[in-house]
Ligand SMILES: [Zn+2]
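Residue numbers (my numbering): 1 to 99.
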């Protein structure tokens, strides 16, 4: 028995390219990095971050060996994980963002 949705998902996985967290913002075309993070509410979410690190960034982006990227919020004066760079959410700098 073949479930239509299931076979489609399997086909997709078979031809899946290596996971790439990098993308382009649909609004302004800037290079962004998609990362998973946990909201203050404890809810898991995904958001685009600026590709270039910024001094005022509050998130440490870390890449797992499998290429998966996740962001950890670092409070002011907090410890930054080794090898991480401060980044900010792209929403903050996106010129195309609607308010
Ligand atoms: Zn943008």
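Even glycine gets a Cβ: it sits at the ideal position worked out from N, Cα and C.
In this text the structure is predicted, and so the values were computed from the model without any measurement.
> Would the beta-carbon of residue 30 be found less than 7 angstroms away from any heavy atom of ligand 1?
Replying inline: yes
> Going by beta carbon distance, what residues of the same chain come within less than 8 angstroms of residue 64, once the five residues before and after it are set aside?
Replying inline: 70
> By DSSP, does residue 31 sit in helix, in strand, or in coil?
Replying inline: strand
>> Between the alpha carbons of residue 95 and residue 24, how many angstroms are there, rounded?
In response: 14 angstroms
> For residue 86, which residues of its own chain have a beta-carbon under 6 angstroms away from its beta-carbon, when the five flanking residues on both sides are left out?
Replying inline: 53, 57
> At which residue ranges does the stretch 49-93 contain complete beta strand (DSSP E) runs of 3 or more residues, listed in the order of the chain?
Replying inline: 59-63, 69-73
> Closer than 7 angstroms: is that where the CB of residue 27 sits relative to any heavy atom of ligand 1?
Replying inline: yes
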